[in-house]
Ligand code: SF4
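Residue numbers (the numbering used here): 1159 to 1473.
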């Protein structure tokens, strides 16, 4: 365990996720949705994964947790604190060392009172200890004890979100995977949720924050990975996303930043390519003002100015 102290809490290496699909005449084919994705999360670090919807962000979260549907195929390497994160390990670690904060509060059981859901079965603790921890997490996330007796449909959006986070951290987790934890929340509550992640990171927990909200990601993350059509385009220190984004390396990251309302809301023409009809070479080529014929060749991730980028012309 000593040797694992400085290891990344999460390593994702060359991850590809594909699905078995049925075409015309029930002909089977495989559709790859996530392509050669690599990233790491260190203990005490918040890494945000941002991208438009359909870029593969949630698939990444579900692959780490081992909760993809049965027709999915995962290739590449996943590791938790240096140990292979295969399906047996995922099953063992999920809810114990790895917590999942899902996108939707529909993950709460509508027929069970929320107190019982947060308390869980907690195999690692005696009931007395679990009750003590339960009181701690309720207090920490400003949930009155009376909330325990409510059903999910009786909670406000913000309260339900706090219940989900409370349930996720009942055990002393080392990694939190949060999949779009803020939609539907007011700006104040979204900021509060980010503050909760910052506290978890300060306690040494690694946090993988999946979000479309680059503004929020920028406020708490140390590094931000930008996904486009299932591929990482850039991984950069969060500071590079400040100002006009001139410190960024990839044309898509810059465009993503400039499309924010506070940056003038300048969307780029075109749309993300469909997984079944990807262009050769750079997946962003169809929308990139800098493309040349060379962009149709292989475009690998490379390190550049303290970050990583998938663009042959980035400098
Ligand atoms: S590789 Fe070419 S098309 Fe892709 S982002 Fe860079 S310049 Fe644009």
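Yeah, the Cβ is synthetic: ideal placement off N, Cα and C, and Gly gets one too.
What you are looking at is a predicted structure, and each value in this text was computed from that prediction instead of being measured.
Start and end residues, beta strand (DSSP E) containing residue i
i	result
residue 1231	1230-1238
residue 1369	1364-1369
residue 1406	Where residue 1406 is concerned, there is no enclosing beta strand (DSSP E), given that its DSSP letter is neither H nor E.
residue 1381	1381-1386
residue 1331	Neither: residue 1331 is in no beta strand (DSSP E) and is coded neither H nor E.
Which of helix, strand or coil DSSP assigns to residue i
i	result
residue 1391	strand
residue 1254	coil
residue 1336	strand
residue 1161	Bear in mind that the predicted position of residue 1161 carries a pLDDT of just 47, short of 50, making it unreliable; the figure below should be weighed with that in mind. Helix, per DSSP.
residue 1357	helix
residue 1347	helix
residue 1206	strand
residue 1171	strand
residue 1322	helix
residue 1226	coil
residue 1477	Within the shown structure, residues of the chain are numbered from 1159 to 1473, placing residue 1477 beyond reach of any answer.
residue 1192	strand
residue 1296	helix
residue 1434	helix
heavy atom of the ligand SF4 below 6 Å from residue i C-beta
i	result
residue 1259	no
residue 1442	yes
residue 1426	no
residue 1310	no
residue 1467	no
residue 1438	no
residue 1407	no
residue 1470	yes
residue 1460	no
residue 1457	yes
residue 1453	yes
residue 1254	no
residue 1463	no
residue 1449	yes
Per DSSP, cross-strand counterpart(s) of residue i
i	result
residue 1316	Answer is none; residue 1316 lacks a bridge partner.
residue 1179	1187
residue 1461	1466
residue 1287	In the DSSP output, where bridge partners are listed per residue, residue 1287 has none listed.
residue 1426	Note: residue 1426 sits in no beta bridge, so no partner.
residue 1242	1237
residue 1305	DSSP output for residue 1305 lists no bridge partner at all.
Residue i CB to nearest heavy atom of the ligand GTP below 6 Å
i	result
residue 1446	Ligands in the displayed structure: the ligand SF4; the ligand GTP is not one of them.
Expected contact under 8 Å - CB spacing of residue i and residue j to nearest Å
i	j	result
residue 1201	residue 1266	Rounded, the Cβ-Cβ distance is 29 Å, inconsistent with contact.
residue 1215	residue 1207	5 Å
residue 1273	residue 1307	6 Å
residue 1317	residue 1301	7 Å
residue 1170	residue 1236	6 Å
residue 1199	residue 1465	Actually they are not in contact, since the Cβ atoms of residue 1199 and residue 1465 sit about 16 Å apart, beyond 8 Å.
residue 1403	residue 1189	About 32 Å separates the two Cβ atoms, so there is no contact after all.
residue 1127	residue 1256	Past the boundaries of the shown model lies residue 1127; the chain is included only from 1159 to 1473, so the question cannot be answered.
residue 1386	residue 1211	Not confirmed; about 12 Å, so no contact.
residue 1408	residue 1391	5 Å
residue 1373	residue 1406	Going by Cβ atoms, the distance from residue 1373 to residue 1406 rounds to 15 Å, so no, they are not a contact pair.
Host alpha helix (DSSP H) of residue i (start-end)
i	result
residue 1372	1372-1378
residue 1222	1215-1223
residue 1263	Residue 1263 -> no alpha helix (DSSP H), and no H or E assigned at all.
residue 1276	1272-1277
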